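Participant:
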Amino acid sequence: MPKISIIVPVYQVEKYLEKCVNSILVQTFTDFELILVDDGSTDRGPEMCDQYAKQDVRVKVIHKKNGGLSDARNAGIDVAQGEYLGFVDSDDYIAPDMYELLYRDITKENADLAICGIYHVYEGKQPKKKKNIYLVVDANRALEIIFHGNVISDHAVNKLYKRKIFNSLRYSVGNYHEDSIIIVDILDKCRKVVIDSTQKYYYYHRDDSITSQSFSRKHLAYITAWENNEIKVQSRTKDLDIAAHQRVCFANFLVLDKIVKSNMENEVPETREIICYLRHNYKFILKNPIFTKSRKVALTGLMFNIKCYKFFVQLQSSFITKSNK
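Taking the numbering used here, the leading residue of the sequence shown gets 3, the next gets one more, and so forth.
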């Protein structure tokens, strides 16, 4: 039995698949099986998956009808034989020692979940390096840090999980932001979590990915996911309550940013509701140290009108673009 099962959903990614799979096959930790889940691709992806299986006995391939990212992950979980599970998205890639680091951390600390840091990769831009942090925490503290979002995130892909976490748990099919939807349920099955923010996962932001797209109604699900998470953790600890509410505010900011950048503030009925929510939480956001000064300035503009907010959002976006060139 392999120590780790690495699950990679594959759908319309022939352009990126080779780099992704090769980065896994050259891992310094070699005791793994790689499960490639062809989610009904119509490009060369299925053929490429089968070729990898012929070249390396550690590779297994599942061909299935298209059901979306969550359904593909679940199909991989169902056949996984490893003591631990890992997920990699097929348009991303990983450092050669990522699973060595995660396996070392999870076994050394006898933890249920190990997390490493992420490089966010944009075309033509150099990924930014962050300060390394190493922590061993309980589930509530891990959730608090994930809600903050400035050290580690809710992404499925930069983690190593004990297989038993998924004995009775699966990703929500048919919903966007599946990582946000399931994160509290995952942590609730953990006794101990080790966080090593050393960046080992390269998260590639494609122009057509959900994280890079202009606004569409599916982005509203991001707010709903974090509202539900706030309800799930309500009254556990004061710090967790604050962190959960901060994340709901951030979700509203993120969606509003997409709306105004797409010039759709007059076309999306929920815009008014989002504005009212952020205005209602003005004092909370200004006092919260997680929010940046630029975010607080933009919110102050929103207290006047949406045009002021839009001006600050566009100014900040222009500054980030220039600084990354």
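Built from N, CA and C at the ideal position, the CB exists for glycine as well.
Nothing here was measured: the structure is a model prediction, and the numbers come from that model.
Could you spell out where the alpha helix (DSSP H) holding Lys161 opens and where it closes?
Facilitator: Note, Lys161: premise wrong, no alpha helix (DSSP H); beta strand (DSSP E) at Lys161 to Lys164.
Participant: Here's a check: name, in chain order, each residue in its chain whose Cβ is nearer than 6 Å to the Cβ of Met100, leaving out the five neighbours to either side.
Facilitator: Contacts found: Lys202.
Participant: Check whether the Cβ atoms of Gln248 and Ile292 lie closer than 7 Å to each other.
Facilitator: A contact, by the Cβ cut-off of 7 Å.
Participant: Return yes when the Cβ of Gly47 is within less than 7 Å of the Cβ of Glu16, no when it is not.
Facilitator: Yes, they are a contact pair.
Participant: If you draw a straight line from the C-alpha of Cys22 to the C-alpha of His207, how long is it?
Facilitator: Answer to the nearest angstrom: the Cα atoms are 14 Å apart.
Participant: Between the Cα of Lys289 and those of Ile244, Met305 and Glu275, spot the shortest distance and give me the residue it belongs to.
Facilitator: Closest by alpha carbon: Ile244.
Participant: For my contact list, Val138 and Ile147 are in at a C-beta cut-off of 8 Å; report their separation, rounded to the angstrom.
Facilitator: That pair is no contact at about 12 Å.
Participant: With 16 as the cutoff for other CB atoms within 10 Å, does Glu232 come out buried or exposed?
Facilitator: Classification for Glu232: buried.
Participant: With 7 Å as the threshold, decide whether the Cβ of Asn134 is near any Cβ in chain D.
Facilitator: Reference to chain D is not applicable here, since this structure consists of a single protein chain.
Participant: Report buried or exposed for Cys251, applying the criterion of at least 16 other Cβ atoms within 10 angstroms of its Cβ.
Facilitator: When all chains shown are included, Cys251 counts as buried.
Participant: Work out the CA separation of Ile261 and Ala113 for me, nearest whole Å.
Facilitator: Rounded to the nearest angstrom, the two C-alpha atoms are 40 Å apart.
Participant: Specify, as a first and last residue, the run of the alpha helix (DSSP H) that Cys51 falls within.
Facilitator: From DSSP, the alpha helix (DSSP H) with Cys51 extends over Gly47 to Gln57.
Participant: Using the rule of at least 16 other Cβ atoms within 10 Å of the residue's Cβ for burial, across every protein chain shown, is Gln128 buried or exposed?
Facilitator: When all chains shown are included, Gln128 counts as exposed.
Participant: From the DSSP secondary-structure annotation, give me the bridge partner or partners of Gln201.
Facilitator: The partner list for Gln201 (beta bridge, DSSP) reads Gly119.
Participant: Between Tyr13 and Ser92, what straight-line distance do the alpha-carbon atoms span, to the nearest angstrom?
Facilitator: Going from the Cα of Tyr13 to the Cα of Ser92 covers about 8 Å.
Participant: Just checking, does the segment 74-88 make contact with the segment 44-60 on the three C-beta pairs under 8 Å criterion?
Facilitator: No: the two stretches stay apart, fewer than three of their Cβ pairs being nearer than 8 Å.
Participant: Report yes if the CB atom of Tyr178 is closer than 7 Å to the CB atom of Lys220, and no otherwise.
Facilitator: In this structure, Lys220 lies closer than 7 Å to Tyr178 by Cβ.
Participant: Please state if the CB of Tyr204 and the CB of Tyr121 are separated by a distance shorter than 7 Å.
Facilitator: Contact: yes.
Participant: Where Phe34 and Ile26 are concerned, what is the direct C-alpha to C-alpha distance, given to the nearest angstrom?
Facilitator: Looking at the two C-alpha atoms, the distance is approximately 10 Å.
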